[in-house]
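The sequence shown maps to residues 1 to 101 in UniProt numbering.
Where a beta carbon is used, it is the ideal one built from N, C-alpha and C, also for glycine.
Heads up: the structure comes next, in structure tokens.
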Amino acid sequence: MAQLGHLEKNRSLESLLDMDKSVVSNQQNLLANSSSKMLQGQGLEFENLSYSVMKKQKKDGVWFTKEAFLLHDISGQAKRGEIMAIMGDQVEQESQHFLML
């Protein structure tokens, strides 16, 4: 009898997972069918965004300051409920991105 109850719990967990998959599938279909135009106040949109910092470097024993671009001319949008990530090609840049966000 206890085993039957355990099986029923597994079945209900499986049915919940199946329901979750169908919800995700429906959401993906809605996103694919929705226009790329965002409604005002419904997310974040940016165009031609650049961000730079002044970086001190030492070359041949002489210190100098050089501009380093962390973000250069990027555009994108994140609608409400979406997840977005911005990644750099160097660890230093990625940590700077984290600090900016």
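Only exposed fits Leu49, as fewer than 16 other CB atoms lie within 10 angstroms of its CB.
In the DSSP secondary-structure assignment, Gln57 is bridged to Phe64. In the assembly as shown, Leu70 is a buried residue. Its beta-carbon has 16 or more other beta-carbons within 10 Å. Note on geometry: alpha-carbon atoms of Gly76 and Glu45 lie some 6 Å from one another. As DSSP reads the structure, Ser75 sits in no beta bridge. In this structure, the straight-line span from the alpha carbon of Ser52 to that of Gln42 is close to 28 Å. Sorting Asp60, Lys79, Lys56 and Glu47 by C-alpha distance to the C-alpha of Glu67 places Lys56 at the top. Just so you know, the alpha carbons of Glu47 and Asp60 end up roughly 39 Å apart.
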